[in-house]
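The structure appears below as C-alpha cells.
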Amino acid sequence: MGIDKDKEFLPLTIGRKGVGPVPRFIKENLHGRILRFQTQRWTVPWTGQTIAQVMILWIATFWFVGSWIVPFLAHAAGFSKETLTHRGQALYSLLTDITEGLAGIAILHQCLGRFRPLPPGWFEFNLKGKWHLDVALGCLIFPLVNLLSHINISLVPMSPGPVVGVSSVEQSIVARDPVAMALYAVVVTVCAPIWEEIVFRGFLLPSLTRYMPLSWSILASAAAFALAHFNAQRVMPLVFLGVVMGGVFARSRNLLASMVLHSLWNGFVFLDLMKSKPPSPSPGMPMWMPGMPMWTARSVFAGELAVAPAQPLR
Numbered sequence: 026m027g028i029d030k031d032k033e034f035l036p037l038t039i040g041r042k043g044v045g046p047v048p049r050f051i052k053e054n055l056h057g058r059i060l061r062f063q064t065q066r067w068t069v070p071w072t073g074q075t076i077a078q079v080m081i082l083w084i085a086t087f088w089f090v091g092s093w094i095v096p097f098l099a100h101a102a103g104f105s106k107e108t109l110t111h112r113g114q115a116l117y118s119l120l121t122d123i124t125e126g127l128a129g130i131a132i133l134h135q136c137l138g139r140f141r142p143l144p145p146g147w148f149e150f151n152l153k154g155k156w157h158l159d160v161a162l163g164c165l166i167f168p169l170v171n172l173l174s175h176i177n178i179s180l181v182p183m184s185p186g187p188v189v190g191v192s193s194v195e196q197s198i199v200a201r202d203p204v205a206m207a208l209y210a211v212v213v214t215v216c217a218p219i220w221e222e223i224v225f226r227g228f229l230l231p232s233l234t235r236y237m238p239l240s241w242s243i244l245a246s247a248a249a250f251a252l253a254h255f256n257a258q259r260v261m262p263l264v265f266l267g268v269v270m271g272g273v274f275a276r277s278r279n280l281l282a283s284m285v286l287h288s289l290w291n292g293f294v295f296l297d298l299m300k301s302k303p304p305s306p307s308p309g310m311p312m313w314m315p316g317m318p319m320w321t322a323r324s325v326f327a328g329e330l331a332v333a334p335a336q337p338l339r
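In this text, residue positions in the sequence shown follow this note's numbering: the first is 26, and each later residue adds one.
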C-alpha cells in the first residue's frame, strides 16, 4: 500500500531525539507561515527623518494638548478641573483623549501627505479574515501581564516624592457613579486603543521594517509604546503587551485586530478595578498610594486617563 505524498510523516526532533511523527504538510505549512511572517515587509516610501518627525511631533502635541490647550479652554469656559463632579471629570478626560487622538491623526495626515497614495497594506482595517483567533490567543496572556506588573514594581521602587491622593477614576469607582464609569470605559476601551494603535502599530512598526527585520521592528515599537507612558514601574508589562499586539497586527496586517486586543486588555483591567475596593487607610496614610498591593496588578492600564503623572491610570 503506497503512502500519500501529501500525508507523508516526518520525525519532529527536539535536540537529537525524535519525539513523534509529524505530517509533512503540517510541518511545511508551519515553516511557510513562519518564513512569510519574518520576510514580508511593508513598502516604506519615507525615511527615518519622517519617522522621527512624526513621533516627536506626536509626543509634543500630546503633551501640549493635555497639559495646556484643554485646561486653558476649560478655564476660559469657566470650569475648574479641581471642582468638577465625578461626571465632569470623566467628561473632561474623554474630551482630552479625543482631542489628543485627533491631533495625532492630523499629524500623520500632514506628515505623510506628500507620499499619498500610500502603498498597499498601510493602515488597513478589515472585518474579514481569521484575526479573531489571534485576538483570542492574545487574551490568554493577560494573567502573565499581571504577573510581569508585580515583578516590575518589585524591581523598580517608587521614586521619592509627595504621595498622590485618590484619583478621579478611583473616586468614581468608589462612588459607583454609572455615568462617570461609562465615560471612562469609552476612553479606555474605544478612544485610546484607536489612536495608540494607529500611531504605534499602524505607523511606527511598519516604518521600522525599512531598517530592521520585522521581529526587531515589533520589539522596538513595543519599547516605544512602553516608554511613551513615562512610568518605569510599567515598562516590562507594557513592552510585553506591545510585542503581543505587534505580533497580532503583523500576522493579520489588520489594525482592527490589535485595536480589539488593546481594548479587551483595558476593559479587563477596568472591570477588575470596578470589582475591587480601594484599601482602607491606616493612621497617617492616605486612602490610596501608588504601588500599593491592591493596585499593582492594574498599574499597566496603558495610561489612558489623564489624571496625575504618578497614577496607574492616566
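Positions of the beta carbon are idealized from the N, C-alpha and C atoms, including for glycine.
Remember, it's a predicted structure, so these values are computed and weren't measured experimentally.
Measure the CB-CB distance between residue i and residue j and report whether it falls below 9 Å.
| i | j | result |
| --- | --- | --- |
| Asn291 | Ala217 | yes |
| Phe167 | Leu281 | no |
| Gly129 | Trp241 | no |
| Trp147 | Trp67 | yes |
| Leu133 | Val224 | yes |
| Ala247 | Leu263 | yes |
| Leu173 | Met237 | no |
| Ala253 | Ile84 | yes |
| Val79 | Phe228 | yes |
| Ser288 | Val215 | yes |
| Val211 | Ile243 | no |
| Glu222 | Ser283 | yes |
| Thr86 | Glu125 | yes |
Is the beta carbon of residue i within less than 8 Å of some heavy atom of the ligand ATP?
| i | result |
| --- | --- |
| Met206 | In terms of ligand content, the structure shown is empty, and the ligand ATP therefore cannot be addressed. |
Where does residue i sit, in a helix, a strand or coil, going by DSSP?
| i | result |
| --- | --- |
| Ile84 | helix |
| Asn279 | coil |
| Asp202 | coil |
| Asn177 | helix |
| Val69 | coil |
| Pro144 | coil |
| Met237 | coil |
| Thr110 | coil |
| Leu298 | helix |
| Ala102 | coil |
| Pro218 | helix |
| Glu125 | helix |
| Leu286 | helix |
| Asn291 | helix |
| Asn151 | coil |
| Pro182 | coil |
| Leu137 | coil |
Using the rule of at least 16 other Cβ atoms within 10 Å of the residue's Cβ for burial, across every protein chain shown, is residue i buried or exposed?
| i | result |
| --- | --- |
| Met270 | buried |
| Gln258 | buried |
| Phe89 | exposed |
| Pro315 | Annotation note: pLDDT 34 at Pro315 (below 50); position unreliable, coordinate value reported separately. With 16 or more Cβ atoms within 10 Å of its Cβ, Pro315 is classed as buried. |
| Gln114 | buried |
| Arg141 | exposed |
| Pro203 | exposed |
| Pro182 | exposed |
| Ser232 | buried |
| Thr23 | Here the chain has residues from 26 to 339 only, and residue 23 is not among them. |
Just reading off the alpha helix (DSSP H) that residue i is part of, what are its end residues?
| i | result |
| --- | --- |
| Val212 | Neither: Val212 is in no alpha helix (DSSP H) and is coded neither H nor E. |
| Gln258 | Taken as a continuous stretch (DSSP letters only), Gln258 belongs to no alpha helix (DSSP H), as it is neither H nor E. |
| Val160 | 156–164 |
Could you round the C-beta distance between residue i and residue j to whole angstroms and report it? I think they count as a contact, below 8 Å.
| i | j | result |
| --- | --- | --- |
| Leu286 | Val160 | 5 Å |
| Gly265 | Val170 | Reading off the sequence, residue 265 comes out as Phe, not Gly. So it is a contact: roughly 6 Å between Cβ atoms. |
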